[in-house]
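Written out below as structure tokens is the structure these notes cover.
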Amino acid sequence: MSAANGTPPAPSTGSAANGNGRRPLLETRNLSVDFGGLHALDGLDFEVHEGEIVSVIGPNGAGKTTLFNAITATVEVAAGDIVFEGASLLGLDPNRVTARGIARTFQNVRLFANMTVLENVMVSQHCRTRQHAFGALFYTPSFRREETEIRERAEKVLSFFGSRLVGYRFDQPAFTLSYANRRRLEIARAMATQPKLILLDEPVAGMNPVESAELTGMIGRLRDEWGFAIVVIEHHMDVVREVSDRVVVLDHGTKIAEGDYAEVSTDPRVIEAYLGHGAETS
Amino acid sequence: MIGRGRARSGAPRTGVDWFLTFMRVAILTLVAVGILAFIWQEIDTDNPFARWANPDATGLTGAQFRGLIISGVAQGCMYGLIALGYSMVYGVLGFINFAHGEVFMVGAMTGMITSNKLADAGLWESNFIGSLIFIVIVSMIVCTLVAVIMERVAYRPLRGSPRLIPLITSIGVSFFIQNASIVLLGPAAKAYPDVPDWVKDKHTFIQIEGSRILVVVVAAVSMGVLWYLVEHTKGGKAMRAVAEDAEIAALMGINVNRTIVKVFAVGGAMAGLAGILWGILFRSVIHTTGFLPGIKAFSAAVVGGIGHLGGAMAGGLSIGVAESVGPLLILEPLGVSGVSQLRDAVAFAVLIGVLLLRPAGIFGERLPAEDRT
Amino acid sequence: MTATLPPQTGAAGASAEPPPAASRPALAQDWRRLVRMGAVGAVAQVFIALSNMPVRLDERVIVKPVLSLGYLTLLIVPFAAGHRVGHQVKREGMAVHAAGAHEMAGGAACGAVAGGGLSLLAVLLANFDLREPLVNWSPMLAELLAFGNATWFAVVIWLVIGAAVGALGGALRLLGPRTRRAVVTMALAVGGAAVLEPLVVDLAEGMRLEALTDWLYARRGGINWTSALGLAAASGILAVLGRGRIQQARTHIAALEGAQRTRTNGLLILATAAVLIVLPLFAGKLTNELLANVGLFVLLALGLNVVVGLAGILDLGYVAFFAVGSYSAAVLTAATSPRINPELPWLAALIVVVIITGLVGLFIGAPVIRMRGDYLAIVTLGFGEIIRLLFLSDWLSGWFGGSQGITKIPGAGIFGLTSVAGTDPRRVFYLVLAFCALAIYVSWRLERSRLGRAWMAVREDETVAEAMGINTVNVKLLAFVVGAVLGSFSGAIFSAKVGSVFPNSFLILVSIVILVVVIFGGMGNIVGVIAGSAVLIGVLGGPKQPGLLAEFSEFKLLIYGALLIWMMLARPEGLIPSVRRSRELHQQEMAQDAWLKGQVEDDNHDDGSSGPQAAPAT
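Residue numbers (the working numbering), protein chains in the order written: chain A, 27 to 308; chain B, 19 to 391; chain C, 1181 to 1798.
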């Protein structure tokens, strides 16, 4: 899976996604989420294939984050189904969803602020490790082996971001990190859960242009080197253009357009959604 | 938006879920069987089902049953008045003021001291209603002061700290007030002076003691006054605004600190009133008086849905009636002996049961913005 | 030097604070603050006097013949008020203390106001009789306040004493840091020697060092004033000489790396263990009894620490597990148990007890574990009370003896090491010590495991922890059960030690006392929790167990309550805080500190390839 052919999959995957006959990694069917009468998501069909980077865009309140929350089981689904690797995710607790292989980051960074950088990443491997109280109490060889593994894996994940989160930073509490590094640590934490699919909620928000360009490159490397499928919610159009194999546009909880960046960016419905009804007339 | 509102529908998923479902079913079954057995025993104590449930069943006479309900209602009114304080503080500050029960105890103590002094002066017998009004006013003032000082000293410096911190502090305050009462007033129970006959006697065609009528009437009136204050005055609007979102309220020019002090003051006054009602109902007070009624009143606030004034009163009534009727209605028919000892346990069980079955209370919660997430 | 703010001015926000008078003359006193502080002191003084503390504690002499514990309670308030009020001025918006004679003057004035409370009380005592509600409104109090003289003497003397002590409190601010430390050490040495008197006498007897105690203590209690001076001088000199050394040793140990540090820690632990094992051999019954009591509470506190400190679940019904442990051990071992009496040997019974308590922990934990933290606290409190009520009820009295309890419980026997109920506290202590070691090991190992990290994450942010794949319900439930099992150990030892169990030994206040102990010592820190129990239970005593200051038994719960409030306001992280807990409580300040030291990176300079310019400290 991590092979990904060295190069990104053919750009045609986007528009031809439905036609190539592969079973999607994640698929939502007719997904609806209600917030007391307001349809945050309204019959959404959405799918992600293995090794694909999909961007989800749309104006504020379009239901992008709600989609993530619905997938990770933090909001109640009113109707429809979410299928991951052929099995439904409905009715699972959030931690089971993560264990199935979906990890996420949060729009407003939510790290374990008082834990160190390394601990943040170590604790995220919880669902991939097995040692329980018994091993810890008797300090069994398998416990020690697993602790070493957890640590090594955490260090490996952190080294993905170059020198930013390694070395002395391992033992610094997360709240001392800069904003950009907090975002990176969140991604590292998601990577450490060893997912198949990562949901990134506005990963470059609040970053300066240099950092955001760098992170854009990293999103591509996440797919190429680690083999993750990725869904990105993003407002920065240059990032969307750079990373996406396919772009999905949401408005009022429904999908109004889908396709590669060029197609979507010229779609009149998208322009209308962003600029409002008056856009064409004025 | 992310929060506890996770998908709860559907079948139980984990061991804990199974266990909880089992508990819910067990609680409901127990209650249902108990009530059925009670009804059977009422019809005839000698039929097989009643005998199976409890061979010694005697059933209750109509008068006994009525008496239980009435005493439950009277106590429930008192719990409701205390619950108002919990509910309002929780609504505004989002923490349980554990020491509120002690404010109630201070009220009962103040009433005891004042009424005994009045009795010494002979006023208690000669002008009972006047003395009663006097001790109510004194007790309300004292309790208001205690509540406000408590807020100032123990809670205000903690504004904005992690939410369990003020809770722990309030446990300390509760402990302190209780033990201060022991060292100042002594550890023994102290009695109220004798009340006039018309308070002791039973009245009306359903034979209610005057004290109970008095309690219900006073509670209803003060509830009405409080409702008017909160819904229709400027101060009340400020309270509701702060409860909704303290930060925005401050931006709108409301003095948040003063509003919070007012909330504590009103809660304290109600607890003081409830303290006097306790004195009239039970005519005896001790330093632990505040603890159990406090917890029960908190349960009442939760049962009614915390943050609701009406809910607090409704919750108080349900807890009061449940603890008074519940043991005899459900446990006794099932053959549990010595049930009156278990009334406190029943009150707690109601709290636990309600939180299990309907975590947001009967009327739903009204919580400060940051807790609603 | 930033001064400690009184809570009044410390309250942040858009409160109705008096506007800082910018143009105040530099050396004038802040009279409003001074009077306010003095008034609070006066109220405190009157409260202490009316609580009967002075009269009751007058018998316990601290320094013979100058000072008794009773008078000490009255002196401490003006001293604290005087120290606190000092001479505070606002400089650039920050409250600072201006050192100088004005500190003393302010302290004296404040102390006088505080002492004035007692003067007023003396007048009232002489003229009114309020004995009816206030049980301690007695001539004895009046006599004590007036030192046996007339009322006017009391009025004058307390104003004078208040002023003098307040001035001393203010003067403490004038001393340089080293001198101040020496003075504080001297006071602590004398006070400590007085408090520890029963312990020291007992130990000295065991070690044949009666000469020392004869020199130090007067025949009928209290330190001789000459010895007190000697002790003060010695400790002062030691403080001046030794301070640098201790600091050096500390930094030395802190600087040690990896294996070496482990070795040093191991040596320290071994040394402590050796002392604890050898000490009881030289101690008499009193000391051993005390040690056993402290040990029991250490065990309870360690259990609660797993629940509260590590997993962050505020369990107010912890006494339930203590009760279940005690009762099930009693039922399993005692021949007199009403319904079932298998009369198992203690160790075999313990295994069953652990299983039962674990199940009870699951049973109580499962319904509450998903509740919000504060609801959980109240509901666990409810469960704690329900369990006691059930043990008390007639319904189950056929099983547990109701209010009669279960008596004649045999002692705990482990492979020949028998400790028959209470008669040999030394053996009880060794038993407790063994289980404490076990509890320490368990909490230490668990904290540093996958489970411990998960607890940490749950404590920080439950929603995110769940999103990161942690089954929060199971993890929290496990903490609950581990806590329950640790609590059951001390329950089982308790019933064997006391030889009988009654429902009234398991009041909610036991839970609260354990909570105070944990918080006082420092939530989440094993050393802190142990120190907290040792200090509080050792000195003040447990809910029913006497401590070194046995005279305090009436007042200890009051003090526990006050202590809990004060800890939460002043030092919520406890005496010996865990690093992480203090981070949680002081995140903002720490972030600020880090920023000032240049440890926080600046986004703009974050070029990614190089670390920070400053050497990476810690």
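In this text, a Cβ means the ideal position worked out from N, Cα and C, and glycines have one as well.
Tell me, which residues are paired with H65/A by DSSP?
D60/A
Please work out which residues of its chain come closer than 6 Å, Cβ to Cβ, to F56/B, disregarding the five sequence neighbours upstream and downstream, and give them in chain order.
L347, P351
Counting contacts by CB-CB distance shorter than 8 Å, is D362/B in contact with chain C?
yes
Tell me which same chain residues have a C-beta within less than 6 Å of the C-beta of L1744/C, skipping the five on either side of it?
V1696
For V1223/C, count neighbouring C-beta atoms within 10 Å of its own C-beta (all shown protein chains included) and say buried if the count is 16 or more, exposed if not.
exposed
Mapping the DSSP letters down to three states, classify I1756/C as helix, strand or coil.
coil
Same chain, Cβ closer than 6 Å to A1672/C, neighbours up to 5 away in sequence not counted:
G1505, A1509, L1530, V1533
Per-residue contacts from S1415/C into chain B (C-beta, under 8 Å)
Within 8 Å Cβ-Cβ: nothing; S1415/C doesn't reach chain B, min ~33 Å.
Candidates R208/A, A99/A, F169/A: which alpha carbon is nearest R147/A's?
Going by the sequence as given, residue 147/A is Val instead of Arg. Selected option, being the one with the closest Cα: R208/A.
Between V233/B and I298/B, which are expected to be in contact by the criterion C-beta below 8 Å, what is the C-beta distance as a whole number of angstroms?
7 Å
Within the continuous beta strand (DSSP E) that includes K1588/C, where are the two ends?
It is not in any beta strand (DSSP E) - K1588/C carries neither H nor E in the DSSP assignment.
At a CB-CB cut-off below 9 Å, which residues of chain A make contact with R1630/C?
M148, V149, Q151, H152, T155, R156, Q157, H158, G161, A162, F169, E172, E173, I176
Test: E145/A CB closer than 8 Å to a CB of chain C:
yes
With a threshold of 6 Å on Cβ separation, who are the neighbours of S149/B within its own chain once the five nearest residues in sequence on each side are excluded?
L136, L141, W142
So, for F254/A: in the same chain, excluding its five sequence neighbours on each side, which residues have a beta-carbon less than 6 Å away from its beta-carbon?
I224, L248
Can you pull the chain A residues whose beta carbon is under 9 Å from the beta carbon of F1650/C, in chain order?
Checking the sequence, you will find Ile at residue 1650/C rather than Phe. Those are N121, T124, V149, S150, H152, C153, listed as they occur along chain A.
L1626/C versus chain A: which residues are under 9 Å apart at the beta carbon?
A159, A162, L163
Give the DSSP-derived three-state secondary structure of P311/B in the structure shown.
helix
May I ask which residues mark the beginning and end of the alpha helix (DSSP H) holding L136/B?
118-139
Following the continuous beta strand (DSSP E) through I337/B, name the residue where it begins and the one where it ends.
That residue, I337/B, is in no beta strand (DSSP E); its alpha helix (DSSP H) goes 327-344.
Using the three-state DSSP reduction, which class does P120/A fall into: helix, strand or coil?
helix
Can you grab the Cα-Cα spacing for the pair F201/A / S1629/C, in whole Å?
22 Å
Kindly provide the ranges of any alpha helix (DSSP H) runs that are 4 or more residues long and lie completely inside the region 1321-1407 of chain C, ordered along the chain.
1331-1352, 1357-1375, 1377-1386, 1390-1396
How big is the Cα-Cα spacing for P37/A and D271/A?
In this predicted model, P37/A has a pLDDT of only 40, less than 50, meaning its place in the structure is not dependable; the value taken from the coordinates is given anyway. About 6 Å.
Residues of the region 1307-1318 of chain C with a CB closer than 9 Å to any CB of chain B: list them in chain order, please.
E1312, P1313, L1314, V1315, N1316
Please report how far the alpha carbon of H305/B lies from the alpha carbon of Q196/B, in whole angstroms.
6 Å
Chain-ordered neighbours of V1559/C on chain B, where CB pairs are closer than 7 Å
L369, I370, L373
Tell me the DSSP bridge mates of D107/A?
R55/A
So who's on the other strand from H221/B, going by DSSP bridges?
I226/B
Closest to V171/B by C-alpha separation, out of A1742/C, E1731/C, S1758/C, I1594/C, would be which residue?
A1742/C
Which residues, in chain order, does the region 1730-1761 of chain C contribute to contact with chain B at a C-beta distance below 7 Å?
E1734, F1735, L1737, L1738, Y1740, G1741, A1742, L1744, I1745, M1748, L1749, P1752
Using a beta-carbon distance cut-off of less than 9 Å, what residues from the region 1655-1678 of chain C approach chain A?
V1655, L1658, V1662
Between M244/A and chain C, is the shortest Cβ-Cβ distance under 8 Å, so that the two count as touching?
no
Report the residues of the region 1460-1482 of chain C with a CB closer than 8 Å to any CB of chain B, ordered along the chain.
none
Give me the DSSP bridge partner(s) of E284/A.
V274/A
Spell out a yes or no on whether the region 1301-1318 of chain C and the region 1244-1253 of chain C are touching, meaning 3 or more CB-CB pairs, one atom from each, closer than 8 Å.
no
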